[in-house]
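Heads up, the thing below is written out as structure tokens.
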Amino acid sequence: MKKEEVYQTVYPDFESAKQELFRYIEGWYNQNRIHSRINYLTPNQVEQGA
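Numbering-wise (the numbering used here), the sequence shown opens with residue 1139 and increments by one.
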């Protein structure tokens, strides 16, 4: 996540960073990014029992 979002973005302040990271995590990271640790599923798929 740091390489994909944090290190590539300049945030004007802490509140902006919190909001953007929340959007990143909920909008892409948990929805679309597969994780090898959980058998190449997305976190949402695991949570839904896929």
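All C-beta atoms in this analysis are idealised placements derived from N, C-alpha and C, irrespective of residue type, glycine included.
Keep in mind it's a predicted model, so treat the numbers as computed, not measured.
Residue interval of the alpha helix (DSSP H) (run including residue i)
i       : result
Tyr1162 : Phe1152 to Tyr1162
Val1184 : Pro1181 to Glu1185
Proximity below 9 Å, CB of residue i to CB of residue j
i       : j       : result
Thr1147 : Glu1158 : yes
Asn1168 : Asn1182 : yes
Inter-residue CB distance, residue i and residue j (contact presumed, cutoff 8 Å)
i       : j       : result
Tyr1162 : Glu1185 : Rounded, the Cβ-Cβ distance is 18 Å, inconsistent with contact.
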